[in-house]
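A quick write-up on the structure given underneath.
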Amino acid sequence: MKLIVVGATGLVGSEIIRQSLEIGEITEVIALARHPIQVENSSSSKVKSVVVRDYAEYPEDVKAKLTGADACIWTVAITPFRASNFPFAEVKRVCQDCTLAGFKAIYEARPKSPFRFLYFSAEGTPQDPSKRPMLMGDYQVMRCNTENMVMGFPAQFPGTQICIAQPGVVTNSTTWSRAALAFLFRGVNLFTRRIPNVDRNELSAAVLHQAVYGFEKETLLNNDLVRLGQAAFKTRG
Ligand SMILES: NC(=O)c1ccc[n+]([C@@H]2O[C@H](COP(=O)([O-])OP(=O)(O)OC[C@H]3O[C@@H](n4cnc5c(N)ncnc54)[C@H](OP(=O)(O)O)[C@@H]3O)[C@@H](O)[C@H]2O)c1
Numbered sequence: 022m023k024l025i026v027v028g029a030t031g032l033v034g035s036e037i038i039r040q041s042l043e044i045g046e047i048t049e050v051i052a053l054a055r056h057p058i059q060v061e062n063s064s065s066s067k068v069k070s071v072v073v074r075d076y077a078e079y080p081e082d083v084k085a086k087l088t089g090a091d092a093c094i095w096t097v098a099i100t101p102f103r104a105s106n107f108p109f110a111e112v113k114r115v116c117q118d119c120t121l122a123g124f125k126a127i128y129e130a131r132p133k134s135p136f137r138f139l140y141f142s143a144e145g146t147p148q149d150p151s152k153r154p155m156l157m158g159d160y161q162v163m164r165c166n167t168e169n170m171v172m173g174f175p176a177q178f179p180g181t182q183i184c185i186a187q188p189g190v191v192t193n194s195t196t197w198s199r200a201a202l203a204f205l206f207r208g209v210n211l212f213t214r215r216i217p218n219v220d221r222n223e224l225s226a227a228v229l230h231q232a233v234y235g236f237e238k239e240t241l242l243n244n245d246l247v248r249l250g251q252a253a254f255k256t257r258g
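Per the numbering used here, the sequence shown runs over residues 22 to 258.
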């Protein structure tokens with residue numbers, strides 16, 4: 022199968038690319054990002070790095086490389102921690118407008134049918150845009166509207182299947198401070214997972230499994246992603 026990973030240089034996208042090399046069913050990976058990706062196993066020819074200047078712009082030569090995809094995992098967003106560094110209009114453009122532009126470009130490039138589109142959101146995103154949370158209200162409502170936009174794709178674009186992944190905190194060991202936090206979460210998770218969190222490796226395994234074998238349900242909450250990620254690792258052996 023041909024998989025497109027958008028935001029391939031990001032925290033989650035880069036791990037999805039790394040794990041996609043280990044999955045035999047995936048025969049071609051388009052790693053779409055604003056910079057070329059570095060693949061550890063550079064001898065692998067199934068990952069193709071495709072660079073866009075902006076996630077809203079898809080020139081014809083880029084679209085040609087997107088043709089015939091079976092699935093796409095969309096990870097692009099300005100996360101809440103970084104949102105205060107940008108005007109809100111830019112945050113909305115990257116999170117929402119670029120998702121629509123990217124989806125349309127892939128669809129215009131004639132994907133396979135069914136075409137699976139897995140969109141990353143976050144647990145806690147409100148379901149109803151009229152229920153504005155106290156904390157980061159504009160941001161949360163915008164992410165809710167983006168989820169609703171994605172949920173409307175199957176009706177508008179025949180052959181499309183969608184899934185919204187809603188992880189909690191994505192734990193990882195990419196820096197010392199993140200490794201320390203991940204260690205802390207691992208300890209606390211033995212007793213409770215009150216603050217939803219998922220290990221980056223498990224999260225990536227979960228969404229890859231869903232992209233390859235089909236979506237279990239429309240929205241995958243943090244607990245679903247933990248369960249699916251752990252199960253996917255077991256079946257990979
Ligand atoms: N990390 C978490 O703890 C967490 C928790 C819950 C949900 N999520 C969600 O999971 C998804 C992936 O998260 P992540 O941690 O992997 O995010 P990330 O690494 O910060 O960013 C993901 C991608 O978004 C693109 N991006 C970020 N800022 C941009 C900007 N200003 N302009 C254009 N593109 C920009 C980046 O593209 P370039 O690489 O080309 O710059 C990057 O590849 C997001 O939807 C996020 O909200 C993350």
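For every residue, glycine included, the Cβ atom is placed at its ideal position computed from N, Cα and C.
In the DSSP assignment, the alpha helix (DSSP H) including residue i goes from what residue to what residue?
| i | result |
| --- | --- |
| residue 49 | That residue, residue 49, is in no alpha helix (DSSP H); its beta strand (DSSP E) goes 49 to 54. |
| residue 209 | 197 to 210 |
| residue 82 | 81 to 87 |
| residue 177 | 174 to 177 |
| residue 121 | 119 to 129 |
| residue 109 | 109 to 113 |
Indicate the three-state DSSP secondary structure (helix, strand or coil) for residue i in the structure shown.
| i | result |
| --- | --- |
| residue 241 | strand |
| residue 194 | coil |
| residue 76 | coil |
| residue 41 | helix |
| residue 70 | strand |
| residue 224 | helix |
| residue 156 | coil |
For the beta strand (DSSP E) that residue i lies in, which residues bound it at each end?
| i | result |
| --- | --- |
| residue 1 | With the chain running from 22 to 258 in the structure shown, residue 1 is simply not present. |
| residue 186 | 181 to 186 |
| residue 94 | 92 to 95 |
| residue 218 | 218 to 220 |
| residue 103 | Residue 103 -> not in any beta strand (DSSP E); alpha helix (DSSP H) instead, spanning 101 to 104. |
| residue 138 | 136 to 141 |
Return the chain-ordered list of same chain residues with a C-beta closer than 7 Å to the C-beta of residue i, the five sequence neighbours on each side being excluded.
| i | result |
| --- | --- |
| residue 189 | 144, 216, 217, 218, 219 and 243 |
| residue 57 | 70 and 72 |
For a test of your reading of the model: does the CB of residue i fall under 8 Å from any non-hydrogen atom of ligand 3? Yes or no.
| i | result |
| --- | --- |
| residue 122 | Among the ligands in the structure shown, ligand 3 does not appear; only ligand 1 can be found there. |
Is there contact here, the region 71 to 81 with the region 119 to 138, by at least three beta-carbon pairs under 8 Å?
-> At 8 Å Cβ cutoff, the stretches touch.
At least three beta-carbon pairs within less than 8 Å, the region 155 to 174 to the region 206 to 216 = No contact exists between the region 155 to 174 and the region 206 to 216.
Touch test, the region 84 to 98 against the region 127 to 143, Cβ-Cβ under 8 Å, three pairs minimum | The region 84 to 98 vs the region 127 to 143: in contact.
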